[in-house]
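**Student:** First the structure, which I've put down as structure tokens, then a few questions once you've had a look.
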Amino acid sequence: MGFLIAVDGPAASGKGTIAAKLARLYGYPALDSGLLYRAVGVRLLAEGGDLSDVAAATAVARTLDPAELEKPEVRTRAAGEAASRVAIHTPVRECLRDFQRAFAAQEPGAVIDGRDIATVIAPWAPAKLFVTASPEVRAERRWRQLTAQGEAVEYADILADIRIRDERDSGRSDSPMVRADDAVLLDTSEMTIDGAFDAARRIVEAARANWSGN
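All letters in the sequence shown, in the order written, are residues 142 to 355 by this note's numbering.
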């Protein structure tokens, strides 16, 4: 297997930006695993389905086309809420695990960000980061992002969403969002994007130095 960089953490912690920048630095393919669940939720709703319908959500996950991850609608606030709701269904997660594990095993390496990459998808990953920030900081980041996309949203509503998603993601019975025992904690609350990336790069470089695959 190649050198996998697993970047886990809650919504709007900065993990996606960090993962993308690490992928560019090392020339690795990158996967935002959250987009898989967003795409499932978006298509299920588009087909008139119910997000609580396990069978329907699983059917969508089973036939998901990776091209659906590129659609702009998967990056909306509604898509994020839908993702959090379908992600609690064990059969949905099972359908998407094989895809993620195959992506993780690429040579010479890959970067995946999500919530259970270092704990469930690829616990063997040589580099594991758990990126977080305070709910208030994350809510402001998400509010700015959605506003820039043209969505009319209120900060207070985004903060409420963040808290609900944190509880849902960390409290689900299958693959809850937890920091892996050997993952390095990176709190980006007081960091700029460049500062957070530099800290992440140093964590990865330390992992590369200790990697037996070198």
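Where is the CB? At the ideal position from N, CA and C, for every residue including glycine.
If you're wondering where the values come from, they're calculated on a predicted model, not measured in any experiment.
#1: Just the C-alpha distance for I303 and W284, rounded to the nearest angstrom, thanks.
#2: So what does DSSP say about A274, is it helix, strand or coil?
#3: Below 8 Å CB to CB, which residues in the same chain sit around R203 once its five sequence neighbours on both sides are set aside?
#4: From what residue to what residue does the beta strand (DSSP E) around L327 run?
#5: Could you tell me whether the Cβ atoms of M318 and D328 are closer together than 8 Å?
#6: Closest to A315 by CA distance: which of I262, L177, R165 and A223 is it?
#7: From S193, S330 and A153, pick the residue whose C-alpha is nearest to that of T231; which is it?
#8: What does DSSP give as the partner residue(s) for G255 in the beta ladder?
#9: What are the start and end residues of the beta strand (DSSP E) that includes A246?
#10: May I ask you to list the residues that DSSP assigns as paired with F144?
#11: Where does A196 sit, in a helix, a strand or coil, going by DSSP?
#12: How about R126 and S154: are their beta carbons less than 8 Å apart?
#13: Give me the Cβ distance between V252 and A324, rounded to the nearest whole Å; I'm assuming they're in contact under 8 Å.
**Tutor:** This is what the structure gives:
#1: On the sequence shown, residue 303 is found 162 positions in, with the first residue counted as 1. On the sequence shown, residue 284 is found 143 positions in, with the first residue counted as 1. When rounded, the distance between both Cα atoms is 11 Å.
#2: In the sequence shown, residue 274 corresponds to position 133, counting from 1. In the three-state DSSP reduction, A274 falls in the coil class, being neither helix nor strand.
#3: Reading the sequence shown from its first residue, position 62 is the one you call residue 203. Only C236 meet the Cβ criterion.
#4: Locating residue 327 in the sequence shown gives position 186, where the first residue counts as 1. That run of the beta strand (DSSP E) goes V325 to D328.
#5: By 1-based counting over the sequence shown, the position of residue 318 is 177. By 1-based counting over the sequence shown, the position of residue 328 is 187. Not a contact, by the Cβ cut-off of 8 Å.
#6: Stepping through the sequence shown from its first residue, residue 315 is reached at position 174. Just to set this straight, residue 315 is Asp in the shown sequence, not Ala. Among I262, L177, R165 and A223, the Cα nearest to that of D315 is on I262.
#7: Residue mapping note: residue 231 aligns to position 90 of the sequence shown, counting from 1. Closest by alpha carbon: S193.
#8: To locate residue 255, count along the sequence shown from 1; it is residue 114. Beta-bridge pairing links G255 to D149.
#9: Reading the sequence shown from its first residue, position 105 is the one you call residue 246. Element bounds for A246: n/a, residue is neither H nor E.
#10: Translated into the one-based positions of the sequence shown, residue 144 becomes position 3. Bridge partners of F144: G250.
#11: To locate residue 196, count along the sequence shown from 1; it is residue 55. In the structure shown, A196 falls within a helical segment according to DSSP collapsed to helix, strand and coil.
#12: In the structure displayed, the chain extends from 142 to 355; residue 126 sits before or after that span and is not available.
#13: Within the sequence shown, numbered from 1, the residue matching residue 252 stands at position 111. Within the sequence shown, numbered from 1, the residue matching residue 324 stands at position 183. No, V252 and A324 are not in contact; Cβ-Cβ is about 14 Å, not under 8 Å.
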